[in-house]
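*Asks:* The numbers in the sequence shown follow the numbering used here, run straight up by one, and end at 156. What follows is a single structure, and I will ask about it in a moment.
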Amino acid sequence: MPFRIIALCVFLTTFCFADAITDIRPAIHETANKYAVDPVLMEAIIRFETNHGKSNAYRKKNNVAGIMDGRGLKRFHDIDESIDSLGYILKVYQQKGLVSIAKISRRYAPNVSSKWTSHVTGLMKMIERGKWGDVNSMPLPNSRQELAAKGRDEE
Numbered sequence: 002m003p004f005r006i007i008a009l010c011v012f013l014t015t016f017c018f019a020d021a022i023t024d025i026r027p028a029i030h031e032t033a034n035k036y037a038v039d040p041v042l043m044e045a046i047i048r049f050e051t052n053h054g055k056s057n058a059y060r061k062k063n064n065v066a067g068i069m070d071g072r073g074l075k076r077f078h079d080i081d082e083s084i085d086s087l088g089y090i091l092k093v094y095q096q097k098g099l100v101s102i103a104k105i106s107r108r109y110a111p112n113v114s115s116k117w118t119s120h121v122t123g124l125m126k127m128i129e130r131g132k133w134g135d136v137n138s139m140p141l142p143n144s145r146q147e148l149a150a151k152g153r154d155e156e
């Protein structure tokens with residue numbers, strides 16, 4: 002009987018919780034620590050902007066966050082470069098006082114700010130609840146506690 006339970010747990014973890022974004026979670030956390038930004042926010046943005054790793058931007062341009070350049074969606078050499086770019090952008094926003102999701106969305110996605118805020122907030126809650134596996138085992142930078150203390154949705 003215990004073997005069946007273990008087999009079921011392995012199956013659920015492998016096929017129900019894991020996905021393309023869960024696979025890059027270590028790189029997200031490394032970058033979040035590098036820039037002292039919220040890894041759950043980073044993952045939520047990545048999940049939203051890539052439709053959980055299914056978008057053409059993600060698959061063809063290594064663009065995890067809908068980052069634009071002068072010609073449209075920016076092409077990155079690899080996923081790590083794109084994750085690093087998102088971390089840097091969030092660090093700059095943080096330095097400018099844009100720490101709530103609502104404030105970030107006005108700069109990051111000005112044309113769809115309220116929709117973006119709602120979706121990213123919902124994804125953060127799902128990530129924190131463990132929908133795609135446990136995130137609590139990953140270390141969080143100090144900014145994560147500060148962001149939580151200030152309240153994510155404050156205006």
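Ideal placement from N, C-alpha and C gives every residue a C-beta, glycine not left out.
Straight-line CA distance for residue 63 to residue 70?
*Replies:* Residue 63 sits at position 62 when you count from the first residue of the sequence shown. Residue 70 sits at position 69 when you count from the first residue of the sequence shown. Rounded to whole angstroms, residue 63 to residue 70 spans 14 Å at the Cα level.
*Asks:* Quick one: Cα of residue 123 to Cα of residue 130, how far?
*Replies:* Reading the sequence shown from its first residue, position 122 is the one you call residue 123. Reading the sequence shown from its first residue, position 129 is the one you call residue 130. Going from the Cα of residue 123 to the Cα of residue 130 covers about 11 Å.
*Asks:* Quick check on DSSP: helix, strand or coil for residue 39?
*Replies:* For the purposes of this step, residue 39 is identified with residue 38 of the sequence shown, where counting begins at 1. Here DSSP, grouped into helix, strand and coil, assigns residue 39 to coil.
*Asks:* Taking just the CA atoms, how far does residue 83 sit from residue 108?
*Replies:* Position 107 of the sequence shown, counting from 1, holds the residue named residue 108. Position 82 of the sequence shown, counting from 1, holds the residue named residue 83. When rounded, the distance between both Cα atoms is 18 Å.
*Asks:* When we look at the beta-carbon of residue 106 and count the other beta-carbons within 10 Å, is it buried (16 or more) or exposed?
*Replies:* In the sequence shown, counting from the first residue as 1, residue 106 sits at position 105. Result: buried.
*Asks:* With H, G and I counted as helix, E and B as strand and the rest as coil, what does DSSP make of residue 79?
*Replies:* Working through the sequence shown from its first residue, we reach residue 79 at position 78. Coil at residue 79, not helix or strand.
*Asks:* So what does DSSP say about residue 91, is it helix, strand or coil?
*Replies:* Position 90 of the sequence shown, counted from the start, is the residue given in the question as residue 91. Of the three classes helix, strand and coil, the one that applies to residue 91 here is helix, per DSSP.
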